[in-house]
Amino acid sequence: DIRHAQWRWDLSAAGHGNSFHSPVETGRIIAAGIATAQEARVKLARLLASLGYNNEVPYPDISNKEKAQEFIGLDMKKFNSEKRLFLETVLPEWLKTGKEREANYDKN
2 DIRHAQWRWD
12 LSAAGHGNSF
22 HSPVETGRII
32 AAGIATAQEA
42 RVKLARLLAS
52 LGYNNEVPYP
62 DISNKEKAQE
72 FIGLDMKKFN
82 SEKRLFLETV
92 LPEWLKTGKE
102 REANYDKN
């Protein structure tokens, strides 16, 4: 159920023109996702209660991007270093190749 709810959100959010071209349908899809997520919460609460667990379920602190990245194990120092290397080495070559190619374009 959680995954189905997420699919609805993803569909609505990924279609950048959805809220403009079809706001009512986009709202309906998001509302269906929220309802599906709530149903999943109820099912989970019932399952946990049937197992005798009635405490708050602990969740990781993913209140910001950095904490979420750390929780899932992303090595951001490594990724940022690789990105910097890409920007300093590969990107200039691509730009050079593009300029050389475009210099041969017919300007008429």
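For the sequence shown, the working numbering gives the first residue as 2, with consecutive numbering after it. All C-beta atoms, glycine included, are put in the ideal place defined by N, C-alpha and C.
| Asked | Found |
| --- | --- |
| Boundaries of the alpha helix (DSSP H) in which I35 is found, first to last residue | 24-51 |
| 8 Å Cβ shell around R9 - same chain, five flanking residues per side excluded | I30, I31, A33, G34, T37 |
| Terminal residues of the alpha helix (DSSP H) in which N81 lies | 77-104 |
| Residue from A69, E67, Q70, R42 whose Cα sits closest to the Cα of E57 | R42 |
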